[in-house]
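Just so we're aligned, residue 407 is where the sequence shown starts under my numbering, counting upward by one.
In this text, a Cβ means the ideal position worked out from N, Cα and C, and glycines have one as well.
Have a look at the structure below, then the notes.
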Amino acid sequence: MKNLTGAELRTAFLQFFAKQGHSIQPSSSLLPGNDPTLLFTNAGMVQFKDVFLGREKRSYVRATTSQRCVRAGGKHNDLENVGYTARHHTFFEMLGNFSFGDYFKQEAIYFAWDFLTKELEIPADKLWVTVFDEDSEAEKIWLEDVKIDPGRFSRIGAKDNFWSMGDIGPCGPCTEIFYDHGDDIAGGPPGTPEEDGDRYIEIWNLVFMQYDRDAEGLLTPLPKPSVDTGMGLERIAAVLQGVHNNYEIDLFQKLLTTGAELAGIQDLTESSLRVIADHIRSCAFLVVDGVLPSNEGRGYVLRRIIRRAIRHGYRLGIREVFFYQLVAPLVAEMGEAYPELAAAQGQVERVLKVEEERFAETLEQGMKILEACVEKMTGKVIPGNVVFQLYDTYGFPVDLTADYARENNLAVDHAGFDIAMGAQRDRARAAKNFGADYNQTIKLDAETEFTGYQKLNDQAQIIGLFQQSQAVDVLPQGAEGVVVLDSTPFYAESGGQVGDLGRIEADGAIFEVTNTQKQGGSLFLHYGKVIAGELKNNATCNAMVEPLTRQSIALNHSATHLLHAALRQVLGEHVTQKGSLVNAERLRFDFSHFEPMTANEIKIIERMVNQQIRHNADVTEDVMSKDDALNAGAMALFGEKYGDEVRVLKIGEFSTELCGGIHVRRAGDIGLFKIISETGVASGVRRIEAITGEAAIKWLEGREKTIAEIAHVVKAVPETAAEKVQQLMDKSKLLEKELERLQAKLASSAGGELANQAVEIDGIKVLAIKLEDVEPKAMGDVLDQLKNKLGSAAIVLATVSNDKVNLIAGVSKDQVSRLKAGDLVNSVATQVGGKGGGRPDMARAGGTEPGKLDAALKQVPEWVRAQLGNK
407 MKNLTGAELR TAFLQFFAKQ GHSIQPSSSL LPGNDPTLLF TNAGMVQFKD VFLGREKRSY
467 VRATTSQRCV RAGGKHNDLE NVGYTARHHT FFEMLGNFSF GDYFKQEAIY FAWDFLTKEL
527 EIPADKLWVT VFDEDSEAEK IWLEDVKIDP GRFSRIGAKD NFWSMGDIGP CGPCTEIFYD
587 HGDDIAGGPP GTPEEDGDRY IEIWNLVFMQ YDRDAEGLLT PLPKPSVDTG MGLERIAAVL
647 QGVHNNYEID LFQKLLTTGA ELAGIQDLTE SSLRVIADHI RSCAFLVVDG VLPSNEGRGY
707 VLRRIIRRAI RHGYRLGIRE VFFYQLVAPL VAEMGEAYPE LAAAQGQVER VLKVEEERFA
767 ETLEQGMKIL EACVEKMTGK VIPGNVVFQL YDTYGFPVDL TADYARENNL AVDHAGFDIA
827 MGAQRDRARA AKNFGADYNQ TIKLDAETEF TGYQKLNDQA QIIGLFQQSQ AVDVLPQGAE
887 GVVVLDSTPF YAESGGQVGD LGRIEADGAI FEVTNTQKQG GSLFLHYGKV IAGELKNNAT
947 CNAMVEPLTR QSIALNHSAT HLLHAALRQV LGEHVTQKGS LVNAERLRFD FSHFEPMTAN
1007 EIKIIERMVN QQIRHNADVT EDVMSKDDAL NAGAMALFGE KYGDEVRVLK IGEFSTELCG
1067 GIHVRRAGDI GLFKIISETG VASGVRRIEA ITGEAAIKWL EGREKTIAEI AHVVKAVPET
1127 AAEKVQQLMD KSKLLEKELE RLQAKLASSA GGELANQAVE IDGIKVLAIK LEDVEPKAMG
1187 DVLDQLKNKL GSAAIVLATV SNDKVNLIAG VSKDQVSRLK AGDLVNSVAT QVGGKGGGRP
1247 DMARAGGTEP GKLDAALKQV PEWVRAQLGN K
């Protein structure tokens, strides 16, 4: 049996199938672009799903990949098992070979057997095979053609050996290949009661998609049956490297040793160390593919994985920010196979470091609360309300609490947590306001041809009218509804660009279009209201897009492309689009970046975009294969679905992107570009809002008017207005300081008189008084003067400014063992609608009820007397 590294094994697999006529395809993104039901790419077949379903055709009928996968959320979630078993991972690589209606069972079985026994030289007597118990064809191939030993062959039922994409659709039987790790490890062959042991480990699954299952469960043979296989790289590497645990293979060694050094430990089998080594792989590749930590969706899962790794570092005694330091050894191990990881190393490190820094305080606080709760518990179950409090108030993920419970032989009250979570969701649902529903499902077996790239007006036929998703024959005057046409110049909302507005006219009826949406890939839905006549189904109509609105949208959309390119040039290639909105008023562009842009960076970006506008380059579009477009440097968005043929939008040589939106003819049509704000919207995500054309000119005119008004007020010309304003500001600050100095002097000179109003209680001079015409900033000076004059003292001073009470309390240092300034000031503050705090010898507070101040101050001597009486 060969002994190969993980990298050598990956190459050997791909090259073997390339020799068998398979096209080597790159790993797709971890964000599936063709399946909204999946959180992450979790198997090698995901990128080929539409090919298997017959919706998409490729230039090849055989393919092979090494696909990076994540299983950490949704239906396929291995997160909680990672670190405690030999083979569970959140991130793994799936080796696969695929046939799209080309070869079938016999070739697939022979390919697998030859690769394992000939290419890798694994002894045949170490391999065990299972088939679906009704698949006599596969059974015959194994027993009669391959001649596998019948003693190492099992028939398994549909639970384990029949695969399907879902309840309906393509499906078929499987045959699985297992490796026998030897009789020194517990466990029985597959199909036996002892199969859950670790002796026999599945290494390869061959799926034969030969049926289409309908809603009634009826199986119909597919006209072109296909093959989908998957073999875990980590599992087969463990076999070849002679180890039983995946974490002992070479791909993990740099990660484990680096983690051990950071933790100051020697034992590489420590479960927390293995969690960290696994999690850095999934976290790094998710960031590479454009996911950033957040509180929803994929970003939330990433945040959970990061926080779980950090918690396990905490368990190992690591108290410094450490997780990001594992990126470099990961790049050293996998950067050659995945150059995008090496290119994004700096970005990944920044994301992880910032997230860990933000979670550090939460982790320590959450652990203290959790440990305090466990100390008080009488049983072995952590209450659900405590789990929910940690999750809801402190952002402490439930799986971290579950991890802690497992490590300490405790259980978690998941039912109690679910009840608390359900109550919170009910509250949120009750408080939520819902707007117009543009997601109604229109049942219509038709397509709309889009003609809006060339036309703003077009003749079409009405092929569907709908009210509240129900088909109707007529929309009367005043009715709101949806119109579907066989062709339309109206652009449907997509890619951040809003849908077109306009009119549809037919036989005297006028339908005002207020939004255009798309259902599926090619059904355009025109939402609006009949403002004249009645609109009838099957009528011939004129569809007219509102031209000025469309033009304004086009200006902003083209400017967005220029902005994206400029950001990448100025800030770095880590900048990727995280969302956008393009309408007639402005453009909004969200992008990955980990610090606010400087004023100079904003100025450079603005100048760069306006320079491209002045260059007035042609805006060209071309349709080409996706691979050709990407090779030509076109920007594509992770998670977006692109077919084999894509529309490439170029603005001169400055910007090249895949885009189906509406754009200007030449860059100069944009006229003017102006950034009006740059803000943060999430961890590692910034937002720019900008305007173009007429809107930008009006904005500048408004600013010019404001500057002229300021210049008039300060008696200057616009060119010198800023200098004059600065002079006035400087003069104002000097006057404020002089006023504070005079007030402090006045208050200090009055200190003697104030001291005479103190009363003595048990050897302490007590004074509580309201000061007139003293700024809050000067109160500290007065307090110090009074402390010096009174000696052993407890003092409360108050002022009222703008209907707000300001309080300061002081206790001489020789009396802080008997009285605390914080308690003293709060004895007054709570009576005037406030609270405060500070050091034992000095504390401040505020209040909102000045009418109660005099009474509150009068009770101070009695409060002091009561406190001293309690000592």
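Here Gly-593 is near Glu-600, since their CB atoms are less than 8 angstroms apart. Excluding residues up to 5 positions away in sequence, Ala-866, Gln-867 and Ile-869 lie with their Cβ nearer than 6 angstroms to the Cβ of Asp-892 in the same chain. If you compare the alpha carbons of Leu-806, Leu-776, Glu-608 and Met-1003 with that of Val-976, the shortest gap goes to Met-1003. In this structure Ser-465 is exposed. Its beta-carbon is surrounded by fewer than 16 other beta-carbon atoms within 10 angstroms. Note on geometry: alpha-carbon atoms of Asp-1168 and Val-1266 lie some 14 angstroms from one another. With distances taken between CA atoms, Asn-503 lies nearest to Ile-515 out of Pro-1124, Phe-497 and Ile-515.
For the 8 angstroms CB-CB criterion, Trp-1105 and Ile-1082 form a contact. Fewer than three pairs of CB atoms, one per stretch, sit closer than 8 angstroms, so the region 418–431 makes no contact with the region 651–661. For Asn-409, the three-state secondary structure derived from DSSP is coil.
Each of Asn-701, Met-1014 and Arg-1071 was checked against the Cα of Glu-1027, and the nearest Cα belongs to Arg-1071. Under the DSSP assignment, Trp-1269 falls outside any beta strand (DSSP E), being part of the alpha helix (DSSP H) whose first and last residues are 1266–1275. The three-state reading of DSSP puts His-932 in strand, counting E and B together. A direct Cα-Cα distance of roughly 23 angstroms separates Ala-683 from Asn-409.
Around the beta carbon of Tyr-859, fewer than 16 other beta carbons lie within 10 angstroms, which makes this residue exposed. Annotation: the continuous beta strand (DSSP E) that includes Asp-586 extends over 575–586. Beyond the five residues adjoining it in sequence on each side, Pro-627 comes within less than 7 angstroms, by CB distance, of Gln-616 and Tyr-617 in the same chain, given in chain order.
CA-to-CA, the gap between Lys-1130 and Ala-715 works out to about 56 angstroms. The three-state reading of DSSP puts Lys-786 in coil, since its state is none of H, G, I, E or B. Cα atoms of Ala-915 and Asp-879: separation of roughly 14 angstroms, rounded to the nearest angstrom.
According to DSSP, residue pairing for Tyr-617 in a beta bridge involves Cys-577 and Pro-627.
Counting only the Cα atoms, Leu-549 lies some 7 angstroms from Asp-555. Inter-residue distance for Phe-872 and Gly-623 is about 33 angstroms (C-alpha atoms, whole angstroms). Two segments are said to touch when three or more pairs of C-beta atoms, one from each, lie closer than 8 angstroms; by this definition the region 786–797 does not touch the region 739–747. With respect to the 8 angstroms criterion, Thr-1254 and Lys-1210 are classified as neighbours on the basis of their beta carbons. Taking Pro-631 as reference, the option from Met-637, Ser-560, Arg-468 and Glu-414 with the minimal CA-CA separation is Arg-468. DSSP places Ile-1167 in the uninterrupted beta strand (DSSP E) bounded by 1165–1167. Restricting attention to alpha helix (DSSP H) runs no shorter than 4 residues, the region 1096–1135 encloses them at 1099–1119, ordered along the chain. DSSP places Cys-689 in no beta strand (DSSP E) but in the uninterrupted alpha helix (DSSP H) bounded by 677–694. According to DSSP, residue pairing for Val-1217 in a beta bridge involves Ala-1200.
In the structure shown, Asn-1037 falls within a helical segment according to DSSP collapsed to helix, strand and coil. The shortest C-alpha to C-alpha distance from Ser-505 to any of Ala-898, Glu-702 and Gly-636 is the one to Gly-636.
Secondary structure note for Gly-870: its beta strand (DSSP E) is the uninterrupted segment 863–873. For Thr-955, the uninterrupted alpha helix (DSSP H) segment begins and ends at 953–977. Rounded to whole angstroms, Phe-454 and Asn-567 show a C-alpha spacing of 21 angstroms. Secondary structure of Gly-439 (DSSP, three-state): coil.
Glu-770 and Phe-691 have their C-alpha atoms roughly 27 angstroms apart.
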